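Asker: A single structure is presented below for examination.
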Amino acid sequence: MWTDEQLIEQGWTPDQIAQHRAEEAASQAPVSDGFPIVEDKTAGMLDDSAGWTGLSPTLSAVLIGAMFIMVPFSMYSAWAADGQPGPAGADGENGSSFHLIDSAASLPECTEELDNQIFYMAFEYGFQVCQSTIWVEVDLTGPRGLDGTDGTDGANGQNGLNGINGLDGDQGRLGPPGTNGVNGQDGADGADGTDGTPALIVTTAEPSGPNCPQGGTLVQTGSDLNVNNILENDEVSSQLYICDGVDGEDGADGSSTATMLVARMTTAPASLGCNGDGQLLQYGMDNGRGNGILLNGILESGEVMVSNLICTESSLTSMTDINPGTGSSNVQGHTEMNGVLYFQANNGTTEGLYSYEQDGTLTQLKTGAFFLDLTPINAHQLIYMTDNATHGREPWIYDASNNSTWMIEDINPGTTSSLAQKFVVHGDMVYFVATNHPTNSNRNIFSYNVTTETVDVASTAFGFIAQTSELVVQNGSIYFEGGGNLQKYDPATNVTTLVADPWIGGSSNVEHLHLHGTTIYFSAAGIANGTPGSYTYYDTTGQELWAYETTNNSSWLVADIEPGAAQSGWPDSSDPEHFVSDGDLIYFAAGSYQMPAGSSGVELWVHDTTTGSTSLLADLLGTTQSYPAHLTMYGDSIYFTADGNSLGAPKDMWAYTILNQTTWKVQTASGMNPQSYVVFDGALYFTGSAQAPLNAELWSLTWLQSTSIVA
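Numbering (the working numbering), first residue to last: 41 to 751.
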């Protein structure tokens with residue numbers, strides 16, 4: 041504070057100094073003695089004993105800011121004292137005191153004593169002034185200064201935690217269709233469905249009787265359960281009688297004249313040289329000539345004017361040349377399945393399985409050593425025997441639907457062969473002969489279930505089953521040659537029974553089984569024709585024709601074609617084989633290979649099942665034997681292979697026509713050695729050669745008609 045002496049040195053007058061001291065005293069005096077509360081609160085807030093350390097950082101910053109505002113007011117008097125003393129001015133109005141409080145809640149009551157007093161509220165960052173007993177908010181903020189220069193960006197802070205997902209918005213509109221994706225791979229093939237059972241319809245003539253008084257026709261239908269193309273009694277599911285009506289009254293006789301033309305058609309006699317289905321068409325006037333009867337409506341021999349001979353001539357066509365040139369394809373084992381012919385052949389490099397379709401398409405399906413005994417088991421699968429050089433000769437399956445093959449089982453493990461063959465189908469089962477013995481002995485009947493694809497031993501029959509034994513299915517049972525005799529295996533009971541033993545107590549050498557109706561015909565050696573006396577003596581027979589009736593379990597000698605003893609002292613044999621049936625007749629080859637006196641040798645024979653008679657049908661060569669083989673029915677003729685010129689010469693194709701009972705040589709080229717006949721696509725297919733005995737290719741036989749006038 042300035043002293044009076046200092047003020048005088050500055051040029052102040054005594055009056056000015058007195059006035060200055062009065063003003064100082066007024067500024068230091070309390071506002072009112074009646075307002076101690078304000079002074080106490082203000083002093084308390086600034087008292088060191090209260091401490092600044094107890095204030096929050098925010099409140100401390102506010103107080104510091106307020107002090108900067110208060111500095112100009114407190115420095116005012118010092119600044120004014122620095123100038124030259126001037127004349128005393130008029131008394132001004134009372135100034136305002138400045139007060140600092142913590143919040144608006146601490147404002148005192150606005151009275152006249154506090155009029156124009158300013159209070160700063162730290163919590164609200166604002167000023168209020170008391171005017172006319174009312175607190176009024178005032179703004180002491182100066183004008184806004186210029187924006188400062190932007191500071192340098194600080195480092196990025198750490199990412200905060202993910203916020204809670206908001207609610208899904210409304211679904212938007214559908215966009216345009218997208219591009220189709222790439223097609224996925226095809227799924228695996230499903231399992232093959234079960235093959236259906238073929239249905240058969242059979243019609244037979246019904247004689248007059250209780251079912252049809254005037255006679256008629258019996259129509260029977262059913263499922264061919266054993267798939268042998270014969271509707272057997274136990275397979276018939278329904279039958280219907282279509283009966284003839286009563287004959288109507290005869291009509292009135294028509295008139296005839298001597299100029300009326302009459303005709304007749306008869307089978308051409310063999311003397312006319314018409315092979316096959318030859319017919320003779322004759323016509324003339326019904327005029328009674330040549331001891332004929334006038335106007336009787338019948339053409340008689342004396343009335344014939346013209347005779348036309350209608351002959352059916354054969355045509356042989358080579359269907360394949362798999363091994364071109366003079367090489368042999370060795371085509372064999374033909375079998376038809378679902379309209380396609382399958383067989384084994386050699387193309388000069390490898391053996392293989394081939395197919396031949398009706399349009400002439402030839403395809404090599406598989407390669408391999410051989411495909412033996414090809415047998416259809418359904419519409420698309422063949423079972424056969426082959427050797428893949430790893431498992432020996434075992435049973436395999438070929439599936440035409442996907443051109444795949446697989447072995448059904450290695451019956452005789454390792455490289456030893458089971459020699460599975462003679463396959464026969466019964467329902468969904470396939471039966472065959474095979475061995476699981478290391479030395480290929482003790483052959484048994486095995487079964488293959490087409491549905492479950494499993495193999496089992498069906499029968500371990502007593503004795504040895506011949507490798508060449510046929511298997512015959514009749515009424516659900518399997519008949520076969522076992523231990524030299526005829527045996528039956530019943531799958532329902534899994535029991536094997538001896539049913540026929542022609543040579544009692546010994547081996548009958550039963551072979552060449554052939555089913556005709558419910559009777560099994562076969563070749564066997566036996567004992568027959570017992571002669572009663574003190575003892576009963578029986579004659580022994582060689583290998584002759586025997587029969588077994590499945591319905592009553594009886595067996596008998598059908599015919600002793602070659603009776604008597606052979607040069608060895610044993611009974612001579614005719615060895616009947618190559619059976620084929622047509623109606624009530626059974627055709628076969630039989631005869632003595634030794635040709636004893638009175639014997640024609642091995643020729644074509646026939647047995648009539650109605651009369652029980654057996655007779656020689658044709659003796660092709662007379663003084664020597666022809667050895668007929670491979671008998672096959674085609675149309676109304678039986679085709680077979682035989683020695684056509686002399687014993688041992690290359691074999692030819694022959695035929696016996698049932699209509700005119702003629703036997704004739706079919707082929708024009710000699711020595712084709714035809715074999716493996718099969719009817720396919722309306723023709724007779726076979727293996728043969730037009731070049732050399734061993735150049736075997738696939739051929740077919742068709743027919744053409746020719747007409748000529750004969751005397």
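Where is the CB? At the ideal position from N, CA and C, for every residue including glycine.
Quick caveat, the model's predicted, so the values are computed rather than measured.
Which residues does DSSP pair with Asp-739 in a beta bridge?
Answerer: Just to set this straight, residue 739 is Trp in the shown sequence, not Asp. Paired residue(s): Ser-358, Phe-726.
Asker: Excluding the 5 residues preceding and the 5 following Val-750 in the sequence, name in chain order all residues of the same chain whose CB lies nearer than 6 Å to its CB.
Answerer: Ser-347, Leu-349, listed in sequence order.
Asker: Please go through the segment 374 to 425 and give each complete beta strand (DSSP E) segment of 3 or more residues, from N-terminal end onward.
Answerer: Complete beta strand (DSSP E) runs here, min 3: 380 to 386, 391 to 397, 402 to 407, 412 to 416.
Asker: Can you look up Ile-270 in the DSSP assignment and give me helix, strand or coil?
Answerer: Ile-270 falls in the coil class under three-state DSSP.
Asker: Using the DSSP secondary-structure output, state which residues sit across from Asp-692 in a beta bridge.
Answerer: Answer is Ala-682, bridged to Asp-692.
Asker: Taking the DSSP output, what are the residues bridged to Glu-584?
Answerer: Partner(s): Ala-564.
Asker: Check whether the segment 511 to 525 and the segment 544 to 554 are in contact - that is, three or more C-beta pairs closer than 8 Å.
Answerer: They touch, by the three-pair rule.
Asker: Output needed for His-647: all residues of its chain with C-beta closer than 6 Å, excluding positions within five of it in sequence on either side, in chain order.
Answerer: Around His-647: Ile-626, Thr-654.
Asker: Just mark Ser-355 as buried or exposed, buried being the case when its beta carbon has 16 or more other beta carbons within 10 Å.
Answerer: By the neighbour-count rule (16 or more Cβ atoms within 10 Å), Ser-355 is not buried but exposed.
Asker: Kindly indicate which residue of Phe-726, Ala-385, Gln-398 has the alpha-carbon position closest to the one of Lys-406.
Answerer: Nearest of Phe-726, Ala-385, Gln-398 to Lys-406, Cα basis: Ala-385.
Asker: Quick check on this structure: which residue in Glu-397, Asp-622, Thr-702 has the alpha carbon closest to the alpha carbon of Pro-309?
Answerer: The option with the nearest alpha carbon to Pro-309 is Thr-702.
Asker: Between Thr-536 and the ligand FMN, is there a pair consisting of the residue's CB and a ligand heavy atom that are separated by less than 7 Å?
Answerer: The ligand FMN is not part of this structure, which contains no ligands at all.
Asker: Return the first residue and the last residue of the alpha helix (DSSP H) that Ile-48 is part of.
Answerer: Its alpha helix (DSSP H) spans residues 44 to 49.
Asker: For Asn-418, count the other beta carbons within 10 Å of its own beta carbon; 16 or more makes it buried, fewer makes it exposed. Which is it?
Answerer: With 16 or more other Cβ atoms within 10 Å, it is buried.
Asker: DSSP has Leu-280 in a bridge; who is on the other side?
Answerer: According to DSSP, which records beta bridges pairwise, Leu-280 is partnered with Val-259.
Asker: Hey, Tyr-382 and Thr-389: beta-carbon distance below 8 Å or not?
Answerer: In this structure, Thr-389 does not lie closer than 8 Å to Tyr-382 by Cβ.
Asker: So, Gly-249 versus Cys-283, is the Cβ gap smaller than 8 Å?
Answerer: Against a cut-off of 8 Å, the Cβ pair of Cys-283 and Gly-249 comes out as no contact.
Asker: Give the secondary structure of Arg-433 by DSSP, where H, G and I count as helix, E and B as strand, and everything else as coil.
Answerer: Three-state result, Arg-433: strand.
Asker: For Pro-616, collect the residues of the same chain with a Cβ closer than 6 Å to its Cβ; drop the 5 residues on either side in sequence, then sort them by chain order.
Answerer: These residues qualify, in order along the chain: Ser-563, Leu-585, Phe-628, Ala-630.
Asker: DSSP on Ser-172, reduced to helix/strand/coil?
Answerer: Coil, per DSSP.
Asker: Which residues mark the beginning and the end of the beta strand (DSSP E) in which Ile-518 is found?
Answerer: Start and end: 517 to 522.
Asker: Counting along the chain, where does the beta strand (DSSP E) carrying Tyr-323 start and finish?
Answerer: Element bounds for Tyr-323: 319 to 325.
Asker: Could you name the residues of the same chain whose beta carbon sits closer than 7 Å to that of Asn-713, not counting the 5 residues immediately before and after it, in chain order?
Answerer: Excluding sequence neighbours, Asn-713 sits near Pro-690, Lys-691, Gly-728, Ser-729, Pro-733.
Asker: Taking DSSP as the reference, what is the three-state secondary structure of Ile-485?
Answerer: Strand at Ile-485.
Asker: By the three-class DSSP mapping on this structure, what secondary structure does Ile-338 have?
Answerer: Reduced to three states, the DSSP call for Ile-338 is coil.
Asker: Report all residues from its chain with a CB closer than 8 Å to the CB of Val-341; omit the five preceding and five following residues, and keep chain order.
Answerer: First, the residue type needs correcting, since residue 341 is Ser and not Val in the sequence shown. Hits under 8 Å: Gly-330, Gly-332.
Asker: For the segment 167 to 182 against the segment 191 to 198, are there 3 or more C-beta pairs whose distance is under 8 Å?
Answerer: No, the segment 167 to 182 is not in contact with the segment 191 to 198.
Asker: For my contact list, Met-693 and Tyr-679 are in at a C-beta cut-off of 8 Å; report their separation, rounded to the angstrom.
Answerer: The pair is a contact, with the Cβ atoms about 6 Å apart (cut-off 8 Å).
Asker: Assuming Glu-353 contacts Asp-326 under a Cβ cut-off of 8 Å, what Cβ separation, rounded to an integer in Å, is found between them?
Answerer: Contact flag wrong, Cβ pair sits at about 33 Å.
Asker: So for Glu-510, helix, strand or coil by DSSP?
Answerer: Coil, per DSSP.
Asker: Spell out the partners DSSP gives Leu-625 in its beta bridges.
Answerer: DSSP, once it has assigned bridges, lists Asp-622, Asp-648 as partnering Leu-625.
Asker: Out of curiosity, what's the CA-to-CA distance linking Val-242 and Gly-623?
Answerer: Straight-line Cα distance between these residues: approximately 14 Å.
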